[in-house]
Each structure stands twice: as C-alpha cells, then as structure tokens.
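Visitor:
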Amino acid sequence: MKIKRTSGEVAFDMVNIGLLLLFCVAVAIPLMNVIAGSLSSNEAIIHAKVFLWPVGFNLHNYDFVIRNAVFWKSFWVTIQIVLIGTAINMVLTILTSYPLSKGWLGGRKVILLCIIFTMIFQAPMVPMYILIKSLGMLNSIWSLIIPGALSAFNMMLCITFMRSIPEELYEAARVDGMSEYRIVWRIVAPLSMPINVTLILFYAVGHWNNYLGPLLYITDRELQPLQLYLYKLISQFDMDSAGGQSILELSTAVTPQGLQMATIVIATIPIIIIYPFLQKHFIKGALLGSVKE
C-alpha cells in the first residue's frame, strides 16, 4: 500500500535534495579543476584558461611525477605508516573493546570514563612534542603511529557493536573449552566484520591524511610521508621535492601549478580506489556501531 505523503514531507525532501546537490557541486568543482589543470598545457595554466575541462591536453605533468624518485619514496613511507599503523590500531581496538563491552567487568565504568576523558581533553602540542622527543621517537614512523594507536571514538563504536552479539555464543564457546583470546579472534572478530571494515577505513584515511604529526616530528627527508611532501611542494615548491630539476628544466617541461595538481591527483587515487569496495560494509558498520539497543 502506498502511503500518501503530506506536502510538508515532500517540501522537506526537496529542500534536502537541493542542499545535497549544492554540496556535491561545491565539492566536485575544486576536484574537477585540479584534475583539469593537471591534464592541461603550460600555456593554458599560466594564462588561467583552465576551469573544469583540460585545455591543451597533455600528460607531461604526470610523466614528471611518475619519474620523480622523491615522490615515490614519500609514497612508500606513507604506505608503511598506513599498513603498520592500521594493524596496530585494529588489534588494540578489538582487544580493548571486547572486555569493555561486558557489563560484568569490574571497574568498567571507571575505565570508560578515563577513556572518554581523553576525547574531551587532549594533550597540548608542546608537552606532546617533549614526550615524543624524550622517548627517542623523533624522525621515526613510530612517532606517527604510537600516539594515536587507540582512538577513543572508534573504540566506543566497536563497543556498541559488540554489545549486539548474543552472549549465548560466548557461553557456548566457553563450554567447548575456548579461551577468551580464541573467542575474540574466532567469534568476535569475524562477526564484527562490518564495524571492523569501517574502523579500518577510519584509521587508514587518518594515517594517509596525517599532516600535523609529520610536520612536528619528521625532519629527515628520507622519512617524510606523502602529506609533508605535498606541503613542501605546494607551499614552498621545494626543489628537492620537485625532484631536483632546475628552474629552466621545469619551465620547459611543466609548470609548478601543473606539477602540484598532478601530484595531488596521484596521491588521492589510492583512497578513491579502495573506498568503493568498502562502502557497503562501511555504511552498515557505521549504522550498527552508532545505535545502542
């Protein structure tokens, strides 16, 4: 049976659709401009002829970036940070969320209160830098992984999801002689796949886009991740970041703006490729992990 909708509900939906379309356009225009500029000729970029479509189509900018060893070195450092950091994040999140999802755990409320406290009050920048320096983690990828090894917000999502798993499954596993660790990895982790995929995406994107951490803790060019490389290339147009080519060579091959745009596009591609494969699990996990029964 088709439910008749009131004029107010129709108007509400129309306003929402209009606002969402405007938001999509506002997001899409800068992206299209960057892609168009990366595929345009030097003359078109210099004379500001590029808007949403390439002018004087060429791939010189991409060819320059692909041959840039400095870019790929930063890219590899970022890949290491994302893989290692996300693995540590997920292990700690699951191992912490499982016991805290049990109402019978002694001191559970106090522990949760302490964790929630860190969501509201975070360590200032200077004391955090002093701590990282005193631990000897400056110019190390661990300075970008250890401080954010466990996200309180993501842990709360995981706890909420794990509460929806029937307790009878745990009891049956204990009767069969399974230890708590085996229950976590054989039952809890597989059943929590939707929220796990969601958290993996959260953590991975966070590591990929991390800019402030490398800016504070990394001074060695050999260890600079992709976001720090982009910062130096865009804000300073550092010649070492550009691959060490001379100004004359750059002016005849590519423009600084075109090189920057091509680098941004290539640096964004991995996240764009991964997201469609995780979208279904991401939406399901975000909904289930945010609703408390």
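In terms of this note's numbering, the sequence shown is residues 2 to 294.
Ideal Cβ placement from N, Cα and C applies to all residues, glycine included.
1) Which residue wins for smallest C-alpha separation from L101, given the options E168, M262, V35 and M163?
2) State yes or no: is the beta carbon of Y212 nearer than 8 Å to at least one beta carbon in chain D?
3) Assuming E172 is part of the alpha helix (DSSP H), what are its boundary residues?
4) Counting along the chain, where does the alpha helix (DSSP H) carrying D295 start and finish?
5) Are V35 and I274 closer than 8 Å when you measure CB to CB?
6) If I measure Cβ to Cβ from I85 and keep anything under 8 Å in the same chain, skipping five residues before and after, which residues do I get?
7) Considering only the alpha carbon of each residue, which of P31, C159 and T220 lies closest to T94?
8) Look at the alpha carbon of R175 and the alpha carbon of L106, and state the distance between them as a whole number of angstroms.
9) On the CB-based measure, 16 or more other CB atoms within 10 Å of its CB, does G259 come out buried or exposed?
10) Measuring only the C-alpha atoms, how far is T79 from V111?
11) Go through its chain and collect everything with a Cβ distance to N210's Cβ below 7 Å, but skip five positions before and after it.
12) Let's see if you can read the secondary structure: which residues bound the alpha helix (DSSP H) around P31?
13) How about F52 and L40: are their beta carbons less than 8 Å apart?
Guide: With the structure as the only source:
1) For L101, the closest alpha carbon among the candidates E168, M262, V35 and M163 is that of M163.
2) In the displayed structure, chain D is absent; only one protein chain is listed.
3) Unbroken alpha helix (DSSP H) run through E172: E168 to V176.
4) In the structure as shown, the chain begins at 2 and stops at 294. Residue 295 is therefore absent and cannot be evaluated.
5) No, these two residues do not count as a Cβ contact at 8 Å.
6) Apart from the 5 residues on each side of it in sequence, I85 sits with its Cβ closer than 8 Å to the Cβ of I142 and I146 in its chain, given in chain order.
7) Distance from the Cα of T94 is smallest, within the candidate group P31, C159 and T220, for C159.
8) When rounded, the distance between both Cα atoms is 17 Å.
9) By the neighbour-count criterion, in which 16 or more other beta carbons inside 10 Å mark a residue as buried, G259 falls on the buried side.
10) Separation of T79 and V111 (C-alpha to C-alpha, rounded to the nearest whole angstrom) is 36 Å.
11) Contacts found: Q228.
12) Segment S8 to S39, the alpha helix (DSSP H) holding P31.
13) The answer is no: Cβ separation not under 8 Å.
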